[in-house]
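Enquirer: Respectively, the protein sequence lines represent chains A and B.
Every letter in the first sequence is one number past the one before it in numbering that gives the first Met the number 0, and letter 308, counting from 1, is 307.
Every letter in the second sequence is one number past the one before it in numbering that gives the first Met the number 0, and letter 124, counting from 1, is 123.
Note that beta-carbon positions come from the ideal geometry of N, C-alpha and C, so glycine has one too.
Here it is: the structure, laid out below.
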Amino acid sequence: MLPYAMDTDLSSQDRKDLDKFIKFFALKTVQVIVQARLGEKICTRSSSSPTGSDWFNLAIKDIPEVTHEAKKALAGQLPAVGRSMCVEISLKTSEGDSMELEIWCLEMNEKCDKEIKVSYTVYNRLSLLLKSLLAITRVTPAYRLSRKQGHEYVILYRIYFGEVQLSGLGEGFQTVRVGTVGTPVGTITLSCAYRINLAFMSTRQFERTPPIMGIIIDHFVDRPYPSSSPMHPCNYRAGEDNGAVYPSVEDSQEVCTTSFSTSPPSQLLGPGKEGGVPPVPSQPAHGTQADQERMCTPLDGVHYSAATPSSSEDTETVSNSSEGKSGSPHDLLETIFIRKVGAFVNKPINQVNPPDSPETESPLQGSLHSEGSSGSSTGNTHDDFVMIDFKPAFSKDDILPMDLGTFYREFQNPPQLSSLSIDIGAQSMAEDLDSLPEKLAVHEKNVKEFDAFVETLQ
Amino acid sequence: MVGPGWTRRRAPPGAAPTMNCRAEVLEVSVEGRQVEEAMLAVLHTVLLHRSTGKFHYKKEGTYSIGTVGTQDVDCDFIDFAYVRVSSEELDRALRKAVGEFKDALRSSGSDGMGQISLEFYQKKKSRWPFSDECIPWELWTIKVNVVNLANEQERQICREKVGEKLCEKIINIVEVMNRHEYLPKMPTQSEVDNVFDTSLKDVQPYLYKISYQITDSLGTSVTTTMRRLIKDTLAL
Chain A
0 MLPYAMDTDL SSQDRKDLDK FIKFFALKTV QVIVQARLGE KICTRSSSSP TGSDWFNLAI
60 KDIPEVTHEA KKALAGQLPA VGRSMCVEIS LKTSEGDSME LEIWCLEMNE KCDKEIKVSY
120 TVYNRLSLLL KSLLAITRVT PAYRLSRKQG HEYVILYRIY FGEVQLSGLG EGFQTVRVGT
180 VGTPVGTITL SCAYRINLAF MSTRQFERTP PIMGIIIDHF VDRPYPSSSP MHPCNYRAGE
240 DNGAVYPSVE DSQEVCTTSF STSPPSQLLG PGKEGGVPPV PSQPAHGTQA DQERMCTPLD
300 GVHYSAATPS SSEDTETVSN SSEGKSGSPH DLLETIFIRK VGAFVNKPIN QVNPPDSPET
360 ESPLQGSLHS EGSSGSSTGN THDDFVMIDF KPAFSKDDIL PMDLGTFYRE FQNPPQLSSL
420 SIDIGAQSMA EDLDSLPEKL AVHEKNVKEF DAFVETLQ
Chain B
0 MVGPGWTRRR APPGAAPTMN CRAEVLEVSV EGRQVEEAML AVLHTVLLHR STGKFHYKKE
60 GTYSIGTVGT QDVDCDFIDF AYVRVSSEEL DRALRKAVGE FKDALRSSGS DGMGQISLEF
120 YQKKKSRWPF SDECIPWELW TIKVNVVNLA NEQERQICRE KVGEKLCEKI INIVEVMNRH
180 EYLPKMPTQS EVDNVFDTSL KDVQPYLYKI SYQITDSLGT SVTTTMRRLI KDTLAL
């Protein structure tokens, strides 16, 4: 048990806890948003005994690729004033036209609440905010679109960090606020800006007809290319990989840190006291220092590195997981990637083999290998879109998980039965009718046999 | 009187703001077959925010909290989907209450109007022979107006419209939840049953009760039925 500081300044323990909470809150926020746009129903189980690895006491699965993308975008920083974490959801038709649907923003403003208890109140409010996010992600128009994605269009996501860019949403977009949580260092705000002129369009309209082209071109042309944005490199950082700047050690420890949250605090209560006392932490001491160092490093660091598959710059890949993942399984997974439909990412850099994450979802593992995975660090325009697999019900997580999904899609629109078409149907029916008397005669002859058979059944 | 020897009396810590039960009212117009799903959507969304994992108290007054799972629910009669807590017990309890409400609405006549209320309360133990007090701290009321539609086209429009309306309701609910207004203080082990419903095996909602009222076409309130969904309904 650590004593509180006597004044209202944040104790170092509280500060560390708060940073951790905000970081994992940001990661979980991304997971909730992306999972809500996968096009399938999400279901997680409640567990009465704490597993120690569920942040904010909510069962939210961690799709490793999504965590990787989020961490890459954050690059070790936390949302702060002027530095928001944004998840952009967009739609891409089978013809290649795309349109931004929503931008989810996790922002921080300067309004501080010095009195609030970090380990207790802030934590619980962040948990409440995640629940609100779960609810709100189902009520924006993009949810229904994402549930129907497949043939005509797919839903993509992109994570960026910095200033919010809403211009791609077209005119008259609406905003919904998910919630806010005050902390001693600022107020966290979570909101969503979404395009509304889709609200009245049904998905039927996403077919190969001129009106669609009209709508999409209207927005497509105006969409600012990331590279031309003057403010900041968002999706791909203008060539360099900022991962080089930050020590990989600290991150790799936190990869396994769904287990950090064995200190989702067991809350300490005395009788009659309100609130709680910060839990005994179990963090590496140098972790915080690395945090501090990162805060001081300028975003466009001078370090350039070409991230190649063999380099260890990919901070997410714990070394023991990249061994043995070469050769044919890799190729097999690449093949699977091409067939996939769903939100997808072109990953320009090295492959990401998720490390010892507790739930290895192999369809999603495969989904991360892009066509151009030969290690160019500059990548292409659609760098940060991640392919999320379409997982049909009852499909198992094996090497070829897509068979059922592919089969399903291929046979989703089967041709009409020939016997149902009018002229052929009429013909065969006429033939059937003609042959009926003969069939009846035959059956009448065999009446005794049928009766005997029926006797045996009774 | 203020002066030497006198001190201002302060409310004891942990006291609920007794006169300030927060009340929210939502209104929906739905077709008869949509009543159940619409009510469940709203009630589940509220309870999602008002449920925690199971508390496990350890020595020295510490406790740890279980994990709440969630799942998506698609509505059959409304173009709408919502998230609920993954707890079959809780779902059953809500379905039972909503089912009763729906039946009562139906049997009241064709112009069904009614309201269903979800109240969160705290128990305050009294000494024998007095029964425990139930102090509400949050009350959600959903007013329902059942409409009758003439044809399939109207029904289809209704599916979409009610879906949009429910989206607005969810946003309203989340707005209220975000105000971070009064919540009961986290209880000690001996007090936990005064604040939370600990009867479920996988999640722990705040103590709640559901009740409903049916209004007949004359506008008068015909029946008020209290449905207690907590264990200790028998006082004295």
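1) List, in chain order, every chain A residue whose beta-carbon is nearer than 9 Å to that of A80/B.
2) Name the chain A residues whose beta carbon is nearer than 7 Å to that of C166/B?
3) Is any heavy atom in the ligand HEM found nearer than 7 Å to the beta carbon of G65/B?
4) Which chain B residues are close to S45/A, counting only those with a beta carbon under 8 Å from its beta carbon?
5) At the 8 Å Cβ level, is V175/B part of the contact set with chain A, yes or no?
6) Taking I169/B as the query, report the chain A residues whose CB atoms sit under 9 Å from its CB, ordered along the chain.
7) Since Y142/A is in the beta strand (DSSP E), which residue starts that stretch and which ends it?
8) For the beta strand (DSSP E) that contains C104/A, what are its first and last residues?
9) Kindly confirm or deny that the segment 136–154 of chain A and the segment 190–198 of chain B touch, where touching means at least three C-beta pairs closer than 8 Å.
10) Let's test the definition: count the other Cβ atoms within 10 Å of the Cβ of M428/A and tell me whether it reaches 16, buried, or not, exposed.
11) Between the beta-carbon of L168/A and the beta-carbon of I102/A, is there less than 8 Å?
12) If I follow the unbroken beta strand (DSSP E) through L47/B, where does it start and stop?
13) Alpha helix (DSSP H) containing F473/A: first to last residue?
14) Which residue or residues does DSSP assign as beta-bridge partners of Q203/B?
15) State the start and end residues of the unbroken beta strand (DSSP E) segment that holds R83/B.
16) Below 8 Å on the Cβ atoms is my guess for S86/B versus L199/B; work out the distance and round it to an integer in Å.
17) For L105/A, would you say it is in contact with chain B, using Cβ-to-Cβ distances shorter than 8 Å as the test?
18) Any C-beta of chain B within less than 9 Å: which residues of the segment 74–100 of chain A qualify?
19) Do the segment 18–30 of chain B and the segment 122–138 of chain B make contact, defined as three or more Cβ pairs closer than 8 Å?
20) Between S48/A and chain B, is any beta-carbon pair separated by less than 8 Å?
21) In whole angstroms, what is the alpha-carbon distance linking G113/B and P78/A?
22) Using a threshold of 8 Å, state whether the C-beta atoms of L105/A and S89/A are closer than that.
23) Taking the CB atoms as reference points, tell me whether D71/B and I41/A lie closer together than 8 Å.
24) Is there a Cβ from chain A that is less than 8 Å from the Cβ of T140/B?
25) What number of angstroms, rounded off, separates the C-alpha of E437/A from the C-alpha of V453/A?
26) Measure the Cβ-Cβ separation of L42/B and L104/B and say whether it is below 8 Å.
27) Since E132/B and F76/B should fall inside the 8 Å C-beta cutoff, what is the C-beta to C-beta distance between them, to a whole number of angstroms?
28) Taking buried to mean at least 16 other C-beta atoms within 10 Å of its own C-beta, is K130/A buried or exposed?
29) Anyone know if the C-beta pair for C64/B and N108/A falls short of 8 Å?
30) Would you check if the distance between the CB atom of I170/B and the CB atom of V175/A is smaller than 8 Å?
31) Interface residues of chain B around K130/A at Cβ under 7 Å?
32) If you draw a straight line from the alpha carbon of L46/B to that of R83/B, how long is it in whole angstroms?
33) What does D53/A touch in chain B if you count any residue whose Cβ is under 8 Å from its own?
34) Could you tell me whether the segment 110–125 of chain A touches the segment 157–164 of chain A, where touching means 3 or more Cβ pairs closer than 8 Å?
35) Going straight from the alpha carbon of V161/B to that of R146/A, what length do you get?
36) Ends of the beta strand (DSSP E) at A22/B?
Expert: With the given structure in hand:
1) K40, R137, V138, Y142, R143, R146
2) V138
3) The model depicted lacks the ligand HEM and carries no ligand whatsoever.
4) G52, G65, T66, V67, G68, V84, S85, S86, D201, V202
5) no
6) A134, I135, R137, V138
7) Segment 140–146 is the alpha helix (DSSP H) holding Y142/A; no beta strand (DSSP E) there.
8) Where C104/A is concerned, the enclosing beta strand (DSSP E) stretches over 97–108.
9) Fewer than three pairs of CB atoms, one per stretch, sit closer than 8 Å, so the segment 136–154 of chain A makes no contact with the segment 190–198 of chain B.
10) exposed
11) yes
12) For L47/B, no beta strand (DSSP E) segment is defined; the enclosing uninterrupted segment is the alpha helix (DSSP H) at 34–48.
13) Nothing about residue 473/A can be reported from this structure: the residues present for chain A run from 0 to 457 only.
14) T51/B
15) 80–84
16) 6 Å
17) no
18) Under the 9 Å Cβ criterion, the segment 74–100 of chain A contributes no residue.
19) Short answer: they touch.
20) Yes, because at least one Cβ of chain B sits closer than 8 Å to the Cβ of S48/A.
21) 46 Å
22) no
23) In contact: D71/B and I41/A (Cβ atoms closer than 8 Å).
24) no
25) 23 Å
26) no
27) Contact flag wrong, Cβ pair sits at about 40 Å.
28) buried
29) It should be noted that the sequence gives Ile, not Cys, for residue 64/B. Not in contact: I64/B and N108/A (Cβ atoms no closer than 8 Å).
30) yes
31) L47, H48
32) 8 Å
33) T66
34) Touching, no, given that fewer than three Cβ pairs across the two stretches are closer than 8 Å.
35) 19 Å
36) 21–30
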